[in-house]
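Q: Structure in structure tokens, see below.
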Amino acid sequence: MTTTPPEQTPDDQVDRDAVWGARRRRFVEARSGAVERAWAPRAVRVDDGPSTGRRQVELRHLGGLEVTVEADQFLDLGEASWNGEVVSFVAPTTAPQAESWARRWQGGLLTTCGLTAVGVAAEADGGMHGRAHRIPAAVTRREGRWTAAGRYELLVDGLLREGAVFQQNLTVTRSIRAEVGVARIRLHDVVRNEGFVAEPVRLLYHVNLGWPLLHGGAVAAAATVVPGGAGSERPDDGGWRRVIGEPEPAADEQVDALDAVAGPDGWSIATLSGEAGTVTVRFRPEQLPFLTVWRSTAAGSYALGIEPGTCWPSHASGPDRGKAGRMVEPGESFEVDLEIVFEPAADDFGD
Numbered sequence: 002m003t004t005t006p007p008e009q010t011p012d013d014q015v016d017r018d019a020v021w022g023a024r025r026r027r028f029v030e031a032r033s034g035a036v037e038r039a040w041a042p043r044a045v046r047v048d049d050g051p052s053t054g055r056r057q058v059e060l061r062h063l064g065g066l067e068v069t070v071e072a073d074q075f076l077d078l079g080e081a082s083w084n085g086e087v088v089s090f091v092a093p094t095t096a097p098q099a100e101s102w103a104r105r106w107q108g109g110l111l112t113t114c115g116l117t118a119v120g121v122a123a124e125a126d127g128g129m130h131g132r133a134h135r136i137p138a139a140v141t142r143r144e145g146r147w148t149a150a151g152r153y154e155l156l157v158d159g160l161l162r163e164g165a166v167f168q169q170n171l172t173v174t175r176s177i178r179a180e181v182g183v184a185r186i187r188l189h190d191v192v193r194n195e196g197f198v199a200e201p202v203r204l205l206y207h208v209n210l211g212w213p214l215l216h217g218g219a220v221a222a223a224a225t226v227v228p229g230g231a232g233s234e235r236p237d238d239g240g241w242r243r244v245i246g247e248p249e250p251a252a253d254e255q256v257d258a259l260d261a262v263a264g265p266d267g268w269s270i271a272t273l274s275g276e277a278g279t280v281t282v283r284f285r286p287e288q289l290p291f292l293t294v295w296r297s298t299a300a301g302s303y304a305l306g307i308e309p310g311t312c313w314p315s316h317a318s319g320p321d322r323g324k325a326g327r328m329v330e331p332g333e334s335f336e337v338d339l340e341i342v343f344e345p346a347a348d349d350f351g352d
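Using the working numbering, read the sequence shown as starting at 2 and increasing by one per residue.
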């Protein structure tokens, strides 16, 4: 006589995952003692140099990735190192409080541009790339926690506001997530118009990569189409792709304005691949339909910017339709999801 096992239900899988998650957690706790001291986000304050006094949160042990969250700069991602090498662009600028974008922008892994201006703009409109990078966050959450699957997750949340009397009143609720042992940062924003008139939101996520990840012969690529005339589009065969050159004194920067294309899963990707590995920026074109790629091979300012947004920069060469931003009605909100993933290069054996 044979007995047919009962059909598996989703609840059975959840129960199994919870059991394995609990075992994994106890395995780690038996060997690591006070896990929160080793792995949880760590708040620090700079006490020397031009950034003296700035609040930061350190995210560590992310599969070789370490990232500094800049609490006094829109909860942006500052310096990032991967496997012991700084891979975010480090800008040769004066100080975060200097008088112009070119003198105060520090680089870092991700800079938020906006919310009312992206690109060249008058000071009344926020100046170059807007005011966001000068807005401090109210940090509402900073913790490490175990998930049901037995993974240790790092969380940093904050509230940002760009507003003025008789003008716009826009808020961003930002959530940053990472996981111990995984070289990936996930960002989720909720942008809300708390004012009482419709406002255009120009928002761009300026992901900045530098040497040694960026080098001559490295390849930047993106799933995009190139905007055509009169609102038409033509596919760029195989997607957009460029080989990075070596640094040269006084080399001109290059800016490409592109339309992002979603894959079957709803995500679009842009990558930088080099000798050390590949960095992938993932985002949803339904949220961020425009992609700007900024390339600087100028010696001393050697950088690549992968920049999805609700618009292109005002000075980019794309059609005007890509520079207006997203109109947000009073009380309306929209969400943005973005991921940055670091993957090592395959070794000689293809592993």
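Every residue gets a Cβ at the ideal spot worked out from N, C-alpha and C, and that includes glycine.
Note down the Cα distance separating residue 85 from residue 183, rounded to an integer number of angstroms.
A: 15 Å
Q: Does the Cβ-Cβ distance between residue 318 and residue 324 come in under 8 Å?
A: Cβ atoms of residue 318 and residue 324: not closer than 8 Å.
Q: Given residue 308, which residues of its chain have a CB within under 6 Å of its CB, disregarding the five upstream and five downstream residues?
A: 205, 207, 293
Q: Quick one: is the Cβ of residue 35 within less than 7 Å of any heavy atom of the ligand GDP?
A: The ligand GDP is not among the ligands present in this structure, which contains no ligands whatsoever.
Q: Across which residues does DSSP place residue 188 in a beta bridge pair?
A: 177, 339
Q: Could you check where the beta strand (DSSP E) with residue 294 kicks off and where it finishes?
A: Start and end: 291 to 299.
Q: Apply the 10 Å Cβ neighbour rule to residue 244 and answer buried if 16 or more other Cβ atoms are within range, or exposed otherwise.
A: exposed
Q: Name the two residues that bound the continuous beta strand (DSSP E) containing residue 103.
A: Not the beta strand (DSSP E): residue 103 falls in the alpha helix (DSSP H), residues 102 to 105.
Q: Does the distance from the CB of residue 262 to the CB of residue 228 come in under 8 Å?
A: no
Q: Apply the 10 Å Cβ neighbour rule to residue 288 and answer buried if 16 or more other Cβ atoms are within range, or exposed otherwise.
A: buried
Q: Could you tell me how far apart the beta carbons of residue 328 and residue 199 are, in whole angstroms, since I believe they sit closer than 8 Å?
A: With 8 Å as the limit, residue 328 and residue 199 qualify as a contact, their Cβ atoms being about 6 Å apart.
Q: Is the number of C-beta pairs between the region 274 to 283 and the region 341 to 348 that are closer than 8 Å three or more?
A: Taking one beta carbon from each stretch, the region 274 to 283 and the region 341 to 348 have 3 or more pairs nearer than 8 Å; the two touch.
Q: Is residue 335 closer than 8 Å to residue 310 when the C-beta atoms are compared?
A: Residue 335 sits away from residue 310, with the two beta carbons spaced by 8 Å or more.
Q: Excluding the five sequence neighbours on either side, which residues of its own chain have a C-beta within less than 6 Å of the C-beta of residue 313, listed in chain order?
A: 258, 291, 293, 319, 323, 324
Q: Tell me the residue span of the alpha helix (DSSP H) that contains residue 36.
A: 36 to 40
Q: Taking 8 Å as the limit between beta carbons, can you name the residues of its chain near residue 101, skipping five residues before and five after?
A: Excluding positions up to five away in sequence, the list reads 128, 129.
Q: How long is the line joining the alpha carbons of residue 331 and residue 174, rounded to whole angstroms?
A: 17 Å
Q: Is residue 33 helix, strand or coil by DSSP?
A: helix
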